[in-house]
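These notes concern the structure reproduced below.
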Amino acid sequence: MAQHGYHGLKEGDKASEWATKEADINDDHVYIEGHPVMEGWEKPYQDEIAKIACRNGGKVLEVGFGMALSATAIQGQDIEEHFIIEASEAVFKKLEEWAAKQPHKVTPLFGLWQDVVKTLPADTFDGIYYDTYPNNKESQHIHQFGFIQEARRILKPGGVLTYCNLTSLGVLRPQYTAEGKSDTESWELLFEETQKPHIIKAGWEVSEIKENQIFGPLYPPKECEYYQHNTLLMPCLVKTATSAP
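The numbering used here applies: residue 22 is where the sequence shown begins, and numbers increase by one.
Spelled out as structure tokens, the structure:
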């Protein structure tokens, strides 16, 4: 059986070493130590998913800067302040240069999200968008859920969270393609089996998990290593109660 998606991540790589890994950054892509972190074809999707994170306006937290695709989309929304966590030194330098030119206030935060989130006050953000890269093979399909657990504390009641993990979905989505199932039905089954149980385990209520949106059509180039499907999942979580003490 042919493999789908990206299978180049290494076991045992330490997140703490991410900051200094070699980065290849241009207008078409971001590669970190040869791994494809983001590519320019994602722009239409990033434009759309940013709207979910920004629908309440106010303070928006973005985790992972990449090529500034989603960051630029967020700046085009009606927000007050834009916080961005970035763990790569090379990418963070680009973030600081970019931030100085934006219409809305940008607060760059350097470091791994695991360290930075601990410093952020509870009930702070109106919206959050998480789109970082897995640090190793072990975290390829699950790294977002650790953040989702922490994110609930820093969201305001009524705050919205959305997230993306293309390095996972590029592998998982072909496994849910079956004759007789629509694209939407396939995405819903994928979400029910591979996402929802982890979200509930991370402390979210079923009622806070809102209807998924499916974005498409999408046109990844044939040479893209990590994604080849023509639609993409856009989850939405809304915090409806105050954080636990």
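Ideal Cβ positions, reconstructed from N, Cα and C, are used throughout, including at glycine.
Item checked: residue 88 versus residue 50: straight-line alpha-carbon distance, rounded -> Their Cα atoms are separated by approximately 7 Å.
Notebook entry, point to check: Thinking C-alpha only, which one of 257, 116, 230, 231 is nearest residue 85?
Noted result: Cα-wise, what sits closest to residue 85 is 116.
Notebook entry, point to check: Looking only at its own chain, which residues have a Cβ that is under 6 Å from the Cβ of residue 194, when we skip the five neighbours before and after it?
Noted result: Within the same chain, 250 come within 6 Å of residue 194 by CB-CB distance, once the 5 residues on both sides are set aside.
Margin query: Looking at the strands, I want to know which residues DSSP matches up with residue 261.
Written below: Answer by DSSP bridge pairing: none, since residue 261 is not bridged.
Margin query: Between residue 236 and residue 253, how many whole angstroms is the CB-CB distance? I'm expecting something under 8 Å.
Written below: Indeed they touch by this definition, with Cβ atoms about 5 Å apart.
Notebook entry, point to check: Closest to residue 154 by CA distance: which of 162, 96, 192 is it?
Noted result: In terms of CA proximity to residue 154, 162 leads the group 162, 96, 192.
Checklist line | Residue environment, residue 66, which counts as buried when at least 16 other CB atoms sit within 10 Å | finding: Of the residues assessed, residue 66 falls on the buried side of the cut-off, its CB having 16 or more other CB atoms within 10 angstroms.
Notebook entry, point to check: Is residue 96 helix, strand or coil by DSSP?
Noted result: DSSP places residue 96 in helix when its eight states are reduced to three.
Notebook entry, point to check: How is residue 175 classed by DSSP in three states: helix, strand or coil?
Noted result: Here residue 175 sits in helix by DSSP.
Check: Contact check, residue 205 vs residue 175 under 8 Å by CB: the rounded distance?
Finding: Between residue 175 and residue 205 the Cβ distance is about 31 Å, and since that is not below 8 Å, they are no contact.
Notebook entry, point to check: Should the region 119 to 126 be regarded as contacting the region 102 to 111, the criterion being three or more beta carbon pairs within less than 8 Å?
Noted result: Result yes; three or more Cβ-Cβ pairs closer than 8 Å.
Check: Just to confirm, are residue 279 and residue 94 a CB contact at a threshold of 8 Å?
Finding: It is not possible to answer for residue 279, since the shown part of the chain is limited to 22 through 266.
Next item on the list: Please state if the CB of residue 106 and the CB of residue 130 are separated by a distance shorter than 8 Å.
Entry: Taking 8 Å as the cut-off, the beta carbon of residue 130 is found closer than this to the beta carbon of residue 106.
Notebook entry, point to check: Which one of 179, 140, 114 has the shortest CA to CA distance from residue 148?
Noted result: Of the candidates 179, 140, 114, 179 places its Cα closest to the Cα of residue 148.
Margin query: Excluding the 5 residues flanking residue 265 on each side, which residues of the same chain have their C-beta closer than 7 Å to its C-beta?
Written below: Unreliable placement is indicated for residue 265, whose pLDDT of 47 sits below 50; the coordinate value is still reported in the next sentence. Once the five neighbours on either side are set aside, residue 265 has no close Cβ partner at all.
Notebook entry, point to check: With distances taken between CB atoms, is the gap from residue 184 to residue 256 smaller than 8 Å?
Noted result: The answer is yes: Cβ separation under 8 Å.
Check: Near residue 141, what residues of its chain come up, given a Cβ to Cβ distance below 7 Å and the 5 sequence neighbours on each side ignored?
Finding: Within its own chain, the residues whose Cβ lies closer than 7 Å to the Cβ of residue 141, once the five positions on either side in sequence are excluded, are 175, listed in chain order.
Next item on the list: Along the alpha helix (DSSP H) that carries residue 140, what are the first and last residues, could you check?
Entry: Taken as a continuous stretch (DSSP letters only), residue 140 belongs to no alpha helix (DSSP H), as it is neither H nor E.
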